[in-house]
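The numbering used here numbers the first residue of the sequence shown as 140 and each following residue consecutively.
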Amino acid sequence: MTNDSTRFTASRRQVLKIGSGLAAAGLFTPFLASVTRAEEEPITLLTWESYDEPDWIAEWEKANGTKIKPVIISSLDEVFAQLQSGAVKPDVVYSEASTAGRLKKAGQIAPFDLSKVPNVANILPGLNWKDPLSVDGTLMGIPLHWGTQPLQYNADVIKEAPTSWAALWDKEYQGKVTIFDDATVTIPMIALYVGAKDPFKLSEDEFGAVTKALRELRQQVRVVTRGFDDAANVYASGEALLGYCHNVTVVNTLKKKGLNAKYSLPKEGTPSWIEGTFVTPKGQRDIVYKFLNDTMSVEWQTRFMKFSGSNGVLTPEAARKAGLTEEELKNTNILDSEDPSFKSNLVFFREPEDVERRIQIWNDFLAGTL
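Structure representation (structure tokens):
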């Protein structure tokens, strides 16, 4: 099925600049103390928008005599496509924790040397990260941050917060819905909507229900977005009113632009994730681990949280002491993280039963042949 009002396009854009709120006082914090060493081979990152703000990278490069080369990706599917193509040979891969098994099986990541990253001590105690980031008992990565993928909406138009994923299929919003181009994380949301018992282990009947719902959703969708800034621009232009939120960074970016953007956690459950930091066999170098240790410092994490509105890995107390305001904390899920009702709504990603089948369903959806 096709809809002439539906625009299935996307473009790469650079990381959003969120003004000058990150004061220059942070430029030479202790964790960036200069070191003397011969120039190292650049550190290549397979990373996402908002993770590596250019000013921070420039500071770190100057202090450490090593270049950082971020390669921006916009979906988990693209993580694997880039690695399999061989076009990018990263030292560090940022990917959702549930992909650890696939990455290890493909030989793309190596066991993580935790002894070289003492700043993992800054991770909030309530975050269960070692099990999701381990494969067969071997730790493969550490968390950079964690978060939810909720239902976002324009609160100037939609006065009451939607309580169900069914809002995406509401004919009132036909042609005003967004989803993002990622089979790995979009199909679990649809599985929750259709009432699947386990969104990561679908039965044949449940696969049928998901396919039917996805086919019906196409008529609703205005744009399939790629990347956080792509989504933010679609909402800022008024093209979309609600959608499956790629990252709460999108909502916080829109707020900073003066838009009344909000999000809700649907009753069926909210897909949630832990972003893993993985090191490739090529990346097993001390300078790579030094960079990762610095990104786990309280100073770096606080700047990351200020810039992106992400949860980071800090406790509220540590974030406050490092300069995060109460308003900035409210833009994250950190204050909710100990609320039992909040925690029970989260559905953390796990490796699905048939990755290739899900990707094929998604590709058929994009092509209009589902």
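Here a beta-carbon is modelled for each residue, glycine too, at the ideal position from N, C-alpha and C. Here the structure is a predicted model, which means the values were calculated and not measured.
For M328, does the three-state DSSP call read helix, strand or coil? helix
Alpha carbons only, please: which of F481, Q221, A375 is nearest the one belonging to G410? Reading off the sequence shown, one finds Pro at residue 410, where the question assumed Gly. Answer by Cα proximity: F481.
Spatial distance of Y428 from P420 (CA atoms): 13 Å
Apart from the five residues on each side of it in sequence, which residues of its chain come closer than 6 Å, Cβ to Cβ, to P327? P338, P410
Mind pulling the alpha helix (DSSP H) runs of 4 or more residues that sit fully within the segment 288-339? 322-332
Where Y383 sits in the DSSP three-state scheme: strand
What are the boundary residues of the alpha helix (DSSP H) that K460 is part of? 455-460
Where Q359 falls, given that 16 or more other Cβ within 10 Å makes a residue buried: buried
F251 in three-state terms, based on DSSP: coil
How many angstroms separate the CA atom of R354 from the CA atom of I500? 10 Å
Just the C-alpha distance for V373 and A322, rounded to the nearest angstrom, thanks. 20 Å
Beta bridge counterpart(s) of G286 as assigned by DSSP: W412
Which residue's Cα is closest to the Cα of R361: E495, T277, L380? L380
With a threshold of 16 other CB atoms inside 10 Å of the CB of P271, please say whether the residue is buried or exposed. buried
Pairs of beta-carbons, one from the segment 290-306 and one from the segment 398-405, closer than 8 Å: are there three or more? yes
Could you compute how far the alpha carbon of D320 sits from the alpha carbon of R365? 6 Å
Suppose you measure from the CA of W195 to the CA of V452; what does that come to, to the nearest Å? 18 Å
Would you kindly check if the distance between the Cβ of V494 and the Cβ of I248 is under 8 Å? no
Length at least 4, wholly inside the segment 420-471: the alpha helix (DSSP H) runs in chain order: 425-434, 437-447, 455-460, 465-469
Taking contact to mean at least 3 C-beta pairs separated by less than 8 Å, is the segment 270-285 in contact with the segment 294-303? no
Please confirm if the segment 442-456 is in contact with the segment 228-240, defined as three or more CB-CB distances below 8 Å between the two stretches. no
Sufficient close CB pairs (3 or more, under 8 Å) joining the segment 248-261 to the segment 424-443: yes
Could you spell out where the alpha helix (DSSP H) holding T205 opens and where it closes? Looking at the DSSP string, T205 is not in any alpha helix (DSSP H), and its letter there is neither H nor E.
Extent of the continuous alpha helix (DSSP H) to which Y374 belongs: 367-375
Going by DSSP, name the residue or residues bridged to L184. P209, V231
Would L505 and V363 qualify as a contact pair, given that the criterion is a beta-carbon distance under 8 Å? yes
Where do the N-terminal and C-terminal ends of the beta strand (DSSP E) with T364 fall, by residue? 360-364
I think G415 touches A239, with their Cβ atoms under 8 Å apart; what is that distance to the nearest whole Å? 6 Å
Which residues mark the beginning and the end of the alpha helix (DSSP H) in which V512 is found? As displayed, the chain neither begins before 140 nor continues past 509, which places residue 512 out of reach and without an answer.
Report the three-state DSSP secondary structure of R489 (helix, strand or coil). coil
Touching or not, the segment 208-226 and the segment 462-478, by the rule of three or more beta carbon pairs under 8 Å? no
Looking only at DSSP bridge pairs, what is V274 linked to? T277
Could you tell me the boundaries of the beta strand (DSSP E) in which S403 lies? 400-403
Could you tell me whether the Cβ atoms of G448 and T350 are closer together than 8 Å? no
Of the residues N386, T508, K406, Y332, the one placed nearest T471, counting alpha carbons only: N386
Hey, how far is the Cα of Y190 from the Cα of K336? 34 Å
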